[in-house]
Amino acid sequence: MRAEIEHLVDETKQSVGLLRRHLDWDNAQRRLAELNASAEDPNLWNDPEAAQKLMRERTGLEDQISAIKRMEQELEDAITLIELGDAEGDEETVREGEEQIRALQAEAARRQVETLLSGEADANDTYLEVHSGAGGTESQDWAAMLQRMYARWAERRKYKVEVLEVTDGEEAGIKSATLLIKGHNAYGWLKTESGVHRLVRISPYDSNARRHTSFASVWVYPVVDDRINIEIKESDCRIDTFRSSGAGGQHVNTTDSAVRITHIPTGIVVACQQERSQHKNRATAWNMLRARLYELELKKREEKANAEAAAKTDIAWGHQIRSYVLQPYQMVKDLRTGVQSMSPQDVLDGDLDAFMEASLAQRVYGGAAEVEDID
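Here the sequence shown stands for residues -2 to 372, numbered as in our numbering.
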C-alpha cells in the first residue's frame, strides 16, 4: 500500500480508536445491556418520564456503539478494496477505497466534536433569546435575521423550534425574540453562540445606500428538567401581564394573556406570549426563569466568569463574538477562534457548524486566539 494511503489509514484508525476510548467501550457495552434489560420490564412505562429518559439514553448509547462498529468494519472493507486494486493495477478501485476512508475520517472527526458535549446540561433542549442593539430599524432588522439564522440551523438538524415571544420593531425587524429549540444536544451545540453579533452592510433602509454597522445580542440557556431543583421565592419576583403583540388572532391581541416575570435579586427578565392562556404563558415563563437561574449556577460551577461578564456588556462595538460583512466584500469571522467563511449567505441560512465546533473545542481544550476584527 502506498505511503500516503497508509498514513490516511493510520489517522483514521487513531480517530476511531479515540472514539472508543472516550466512550469507555467495555463499560458502555455493559451499560447498554442494562438499559436493554430495563426496557423489557413491563412496569417501565408506569413512570413515563423516567421511561423516556431511559429510552433516550439507550438510543444514544446504541447509536454510538453501532457507529463505531460500523466504521471499523467499513475501514477494513476499504483497506481490502485498496489492496485488491493495487494487486490488479486497478487505479479506479484504489481511488474508490481511498474516498471511502476519507469519508470515514470526516465522520470520525464529526463524532469527536460531539464527544465534547459532555456538560451537565448539554443534552437538554434550549432557550435562545435575540435582542437588537442601539440603532433602531437597522439593528432590529439584524435581530430578525439572526432569529431566522438559528431557526434554519435548527431545521437542518431536524430540531423542533417554538417561538415563545416576539416584540416587533417599529418599522421592521424585531426588538427581541425568544425561541425554544428542542432536540438532543441542542444546548450543547448552541451554548457558545451567546454574545454580541455584528453586521456590516449597505442598508436597505438608507436612500443614500451608505454602509451601516448593526449589533444584536444572543443569549442561550438550557431547559431545566425535573432532575434539577431550582428554588425560586415568589416574593423575589414581580409578575406583569400585558397584551400580546404581533399577529395571533383577535383573542391574543385583546386580552392580557402575555406574562413577564422579573427576578429582582438578579435582574433577570423573562416573558412568554405564545399561548392564548395566561395560565400557560405563566407556567412557561416560570420554566424559563428556572432555566436562566440554572444557567447562572452552571457558569459559577464551570468558572466561566469571563463569559458571564461578556454577556452583560453593551450590545455595541468592542464586545462582539462574530462579525458578518456583506459589503464591500463577503466574509463572516469568529473573533474567538478565527474561523472564517467567505459565504455569508450560507451562514445566514444556518451553516454554523464550523463556528460551533471550533468554539466547543476551544472551550474544552483552551487555547484562545488573538483574532483581529474585520472592517
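Where is the CB? At the ideal position from N, CA and C, for every residue including glycine.
Here the C-alpha atom of G347 lies approximately 10 Å from the C-alpha atom of P341.
Residue state for M285 is assigned as helix, using DSSP reduced to three classes.
Here L41 has A48 as same chain residues with Cβ atoms under 6 Å from its own Cβ, once five neighbours each way along the sequence are excluded. Contact annotation: R198 and Q324 have beta-carbon atoms nearer than 7 Å. Distance check between D122 and each of A148, D44, T134, Y156 places Y156 closest, using alpha-carbon atoms only. Spanning the alpha carbons of P201 and V256 requires a straight line of approximately 34 Å.
Counting the other Cβ atoms within 10 Å of the Cβ of G130 gives 16 or more, which makes it buried. When the five nearest sequence neighbours on each side are left out, the beta carbons in the same chain lying within less than 6 Å of the beta carbon of A75 are those of G94, Q97, I98, in order along the chain. A distance below 7 Å separates the beta carbons of F352 and D331.
Within its own chain, the residues whose Cβ lies closer than 6 Å to the Cβ of A282, once the five positions on either side in sequence are excluded, are V256, I258, V267, C269, listed in chain order. A buried status is given to T334, since no fewer than 16 other beta-carbon atoms sit within 10 Å of its beta-carbon. Here DSSP, grouped into helix, strand and coil, assigns K296 to helix. The straight-line gap separating the alpha-carbon atoms of Q327 and Y321 is approximately 8 Å.
In the structure shown, G130 adopts coil according to DSSP, grouped into three states. Where M52 is concerned, the enclosing alpha helix (DSSP H) starts and stops at 45 to 85. For the 7 Å CB-CB criterion, S241 and Q275 do not form a contact.
Around the CB of L290, 16 or more other CB atoms lie within 10 Å, so the residue is classed as buried. The DSSP-derived three-state label of P219 is strand. In this structure, the CA atom of L349 is about 39 Å from the CA atom of A34. Judged by DSSP secondary structure, R107 falls within the alpha helix (DSSP H) whose first and last residues are 88 to 111. If the five residues before and after Q317 are omitted, its C-beta is found closer than 8 Å to the C-beta atoms of G192, V193, H194, R195, F212, L332, D370, all from its own chain and listed in chain order. The three-state secondary structure of I2, taken from DSSP, is helix.
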